[in-house]
Amino acid sequence: MTDAAGTAGRPVALVLRHDSAIGLGNLGPTLEAHGYEIRFLDAPHEDVTAVDPLAPALVVVLGGDEGAYETDEYPYLAHELDLLRARIAAEAPIFGVCLGAQLLAAALGAEVYRGPRKEVGWLGVDLTDAGEGSPVRHARGVRFVQWHGDTFDLPEGVERLAGSPQYANQAFRLGDWLLAVQFHPEVDREIHEDWLAAWGDELPEYGLGVAEMRDLQVTCGPAAETASAAILGEFVDGLGHRGALPRAS
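Residues 1 to 249 (full-length UniProt numbering) make up the sequence shown, in order.
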């Protein structure tokens, strides 16, 4: 079980991880700087159902190769969806990245599906008017890593914050307590190298190579890390006024 309060009463940020190569990266220092104690749950190998959905102050859902619709093949995704639905019902804070965004879309009742072509590379996103007034505004003019083939319909009742020429739904939010991004704000140099080692053989299909991606990481990575810290930092700052989470009766 995950307690609501960590060491010395610090709020707990529970990170749902699906692959050791797809970690928290440069988002970790931002959470720590805002007072969170970070705890990881490796969903493929640990019991998601043992977690009290409302115990963590924040849940962060990271990416993975799985599709949010592949619950028969990956039963732990069904357990994650149950956890996310419970938090959504309680308006309990959640931040989702890539697969995490797709799982949140599914938990909110939208369809998640394979897109026509993967979106891969260091790419920018286009902000909506709502995005300009949200934490995602820090993505303006910044190129982030995109590496996904799935996409989703926009859930009913959310605000669309960003899109791209290939995929219209790149970020959305619900109230001030749920934020989901399709692009990868967590990528730092170490994660970038891990991904090149694991999936670099895909790059030629998208007109890219490992050397070019390394060059792009040098030129685009620092701005992406700064923007990512600002996005997450502003989001969690906006949670500061919230009291204790409601408990089930």
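For every residue, glycine included, the Cβ atom is placed at its ideal position computed from N, Cα and C. Just so you know, these numbers come straight off a predicted model, no measurement behind them.
What's the gap between the Cα of residue i and the Cα of residue j?
{"i": "Leu232", "j": "Ile94", "result": "11 Å"}
{"i": "Leu123", "j": "Phe144", "result": "5 Å"}
{"i": "Leu99", "j": "Pro56", "result": "20 Å"}
{"i": "Ala90", "j": "Asp65", "result": "28 Å"}
{"i": "Gly109", "j": "His138", "result": "28 Å"}
{"i": "Glu190", "j": "Ile38", "result": "19 Å"}
{"i": "Asn169", "j": "Asp47", "result": "31 Å"}
{"i": "Gly221", "j": "Gly25", "result": "12 Å"}
{"i": "Glu80", "j": "Ala106", "result": "11 Å"}
{"i": "Glu132", "j": "Leu161", "result": "8 Å"}
{"i": "Tyr30", "j": "Trp147", "result": "The question names Tyr, but residue 30 in the sequence shown is Thr. Each residue's Cα considered, the two are about 23 Å apart."}
{"i": "Ala92", "j": "Gly63", "result": "20 Å"}
{"i": "Pro15", "j": "Val59", "result": "Just to set this straight, residue 15 is Val in the shown sequence, not Pro. The alpha-carbon atoms of Val15 and Val59 are separated by roughly 6 Å."}
Determine the burial state of residue i: buried for a count of at least 16 other Cβ atoms within 10 Å of its Cβ, exposed for fewer.
{"i": "Pro165", "result": "exposed"}
{"i": "Asp126", "result": "exposed"}
{"i": "Ala227", "result": "buried"}
{"i": "Glu119", "result": "buried"}
{"i": "Ala197", "result": "exposed"}
{"i": "Ala101", "result": "buried"}
{"i": "His18", "result": "buried"}
{"i": "Arg114", "result": "exposed"}
Residue i by DSSP, collapsed to three states: which one?
{"i": "Glu119", "result": "strand"}
{"i": "Phe172", "result": "strand"}
{"i": "Ala162", "result": "strand"}
{"i": "Gly9", "result": "helix"}
{"i": "Ala224", "result": "helix"}
{"i": "Ala180", "result": "strand"}
{"i": "Gly240", "result": "coil"}
{"i": "Val97", "result": "strand"}
{"i": "Asp188", "result": "coil"}
When the Cα of residue i is compared with those of the options, which residue comes out closest?
{"i": "residue 298", "options": "Pro222, Pro135, Ser228 and Asp188", "result": "What is shown of the chain runs 1 to 249, which leaves residue 298 out entirely."}
{"i": "Ala224", "options": "Phe183, Gly200 and Leu208", "result": "Phe183"}
{"i": "Glu32", "options": "Gln217, Val12 and Ala21", "result": "Val12"}
{"i": "residue 276", "options": "Leu54, Val61, Ala43 and Thr49", "result": "With the chain covering only 1 through 249, there is no way to say anything about residue 276."}
{"i": "Phe152", "options": "Tyr69, Val51, Ser20 and Pro53", "result": "Tyr69"}
{"i": "Glu159", "options": "Tyr167, Asp150 and Ala180", "result": "Ala180"}
{"i": "Asp188", "options": "Ile22, Val15, His34 and Leu14", "result": "Ile22"}
{"i": "Pro155", "options": "Thr128, Gly238, Leu104 and Leu83", "result": "Leu104"}
Legend entry - alpha helix (DSSP H) segments (min. 4 residues) lying fully within the stretch 112-158: 129-132
Legend entry - Start-end ranges of the alpha helix (DSSP H) lying completely within the stretch 11-72, minimum 4 residues: 27-33
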